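Last residue of the sequence shown: 287 in the working numbering, with the numbers rising by one and none dropped.
In this text, a Cβ means the ideal position worked out from N, Cα and C, and glycines have one as well.
Quick caveat: nothing in here was measured; it's all calculated off a predicted structure.
Some notes on the structure that comes next.
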Amino acid sequence: MRIHIQHKTRYDYDAPVQLGPHLLRLRPRLDGDCAEIEYALHIDPEPSARRDCLDAAGNRITRLWFDRETRHLQLHVHLLVETGDTDRLIPCLEPDALRLPLGYPATDAALLSPYLTAAGADPALTALAEKLSAAADGDAYRFLQQLNQYLYHNILREIRPSGMPQTPAQTLARGRGACRDQAVLFIGLCRAVGLAARFVSGYQDRSAMDTERRYLHAWPETYLPGFGWHGWDPTRGIEVTDGHIALAAAPHPTGTMPVEGCYFGDAGSRMGFELQVDSDADIRKQIDTTA
C-alpha cells in the first residue's frame, strides 16, 4: 500500500522570540514493513543549522538551531511511503517459550530493562492483568490478544488533541481515553505481567473515530522472544497493519513527541496543525467521485 501524508505544524508568537534548539521526530521508522519513497521537510524560518541522526532509542530525528528572532515557526512534512503486509504472529513451535511470566534471555533482558519497568503498583491494574493472564492460561500471545480486545470493548475512545497521557489507573477508572491513554494502559498491563512494552507514535490510514479531521496516532508494541517487537491497536481492536506508519518508539511517551523545543521572549504562543493521510485507494476514490 502506498500512503501519501501532508503534515503541517505551525507555532505563532505574540511578539518576536528567539527560538531555542528544537528536536523533531517526523520521519518514519524504516523496517521490513515500511519503505520511504519521498520525504521533504520545509522549515520556516530557515534554521541556521540542521542535523539528521538517530536518538538513543534508534528513532530518526532532526535537530534544528536558529540564530534570529521570529514571530512564527512552521514545519511542513511531505511524505510518501510504501507499506507491506505486516506479519502476524504465528503459533510458537515451543509453547513454553511464551509462558507468562516470560523469562527473557540474559542478552535481551539487559536491553529490555527500560521497557519492563512498571510505573508503580496499582491494585486495580494488577488485578486486571492477573485476570487476563489467567483467562489466557498463561500464554503470552493469547494474553495480548485478549488485552487488545478488552480495551477495545471496555475503554471508550475519545479525541484529546493535546496534553500528556493519563496514567493507566486514571484511564481504567474513567473507562475512556484517547489513543495515547489506551496505549499507556496497554503498556502498564503488559509490564504488570513481565512483558516488555513500548509507546509508539505515528500515522494511520484511517481513524477508529472515523472523523474528518486527522490526528497523529499512538499505539503500543510488545517484545516476544523469537518474534521481536509487534504492534497492537486497542482503539481498533486489531494488530498493527500496513496502514500504520511508525515515527518513533520509546519506553515513555515523552520520548516520542513529534516536536520538542523552546523559545526565549515575553510572548504567548499558539499551535495549529493540518494532517492529511491518503492511500492510493483513497486517491482513486476521490478521482472517481469528481470524474
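ask   = Which stretch, first to last residue, makes up the alpha helix (DSSP H) that contains G184?
value = 175 to 188
message = My assumption, with CB atoms under 8 Å, is that H240 sits in contact with G173. Please give the rounded CB distance.
response = Actually they are not in contact, since the Cβ atoms of H240 and G173 sit about 19 Å apart, beyond 8 Å.
inquiry  = Using 8 Å as the threshold, is the C-beta distance between D8 and S265 below it?
reply    = Yes. Within cutoff.
query = At what residues does the beta strand (DSSP E) containing T291 begin and finish?
reply = With the chain represented from -3 up to 287, any question about residue 291 goes unanswered, as that position is not in the structure.
task = Indicate the three-state DSSP secondary structure (helix, strand or coil) for T103 in the structure shown.
result = helix
key: Inter-residue Cα distance where the pair is Q166 and L181   = Per the coordinates, the alpha-carbon of Q166 lies some 9 Å from the alpha-carbon of L181.
DSSP state of D118 mapped onto helix, strand, coil = coil
query = Cβ atoms of R187 and A179: under 8 Å apart, would you say?
reply = In this structure, R187 does not lie closer than 8 Å to A179 by Cβ.
query = For L37 versus V73, is the C-beta spacing smaller than 8 Å?
reply = yes
ask   = For F223, which of helix, strand or coil comes out of DSSP?
value = coil
query = Would the beta-carbon of R210 fall within 8 Å of that of V273?
reply = yes
task = State the Cα-Cα distance for the pair L124 and L185, rounded to the nearest angstrom.
result = 8 Å
Within 8 Å, strictly: CB atoms of I57 and L50 = yes
ask   = Alpha carbon to alpha carbon, what distance is there between P17 and L288?
value = Only positions -3 to 287 of the chain appear in the structure, and residue 288 is not among them; the question remains open.
message = Please report the straight-line C-alpha distance between R289 and E154, rounded to a whole angstrom.
response = Outside the modelled stretch of the chain, which goes from -3 to 287, sits residue 289, for which no answer is possible.
ask   = Looking at the structure shown, is H248 part of a helix, part of a strand, or coil, going by DSSP?
value = coil
request  = Could you check the C-alpha separation between L271 and R(-2) for me, to the nearest Å?
outcome  = 17 Å
query = In three-state DSSP terms, what is Y148?
reply = In the structure shown, the three-state DSSP call for Y148 is helix.
inquiry  = Using C-beta distances below 6 Å, list every residue in its chain close to D118, excluding the 5 sequence neighbours before and after it, in chain order.
reply    = A165
query = W225 to A11, Cα distance in whole Å?
reply = 45 Å
task = Have a look at R67, P221, L60, H213 and flag the residue whose alpha-carbon is nearest the alpha-carbon of R156.
result = H213
key: Top-ranked residue by Cα proximity to G268, from A136, R95, L22, Q70   = Looking at the Cα atoms, Q70 is the closest of the given residues.
N- and C-terminal bounds of the beta strand (DSSP E) containing V77 = 65 to 79
key: Rounded straight-line distance, which links the Cα of A130 to that of G251   = 32 Å
key: Short Cβ contact (8 Å threshold) for E256 with L19   = Cβ atoms of E256 and L19: closer than 8 Å.
task = Name the residue from R59, K4, T79 whose alpha carbon lies nearest to the alpha carbon of R46.
result = R59
request  = Report the option in P221, L152, L26 whose CA atom is closest to the CA atom of A93.
outcome  = P221
key: Residues of its chain near A169, where Cβ-Cβ distance is below 8 Å and the 5 sequence neighbours each way are ignored   = A120
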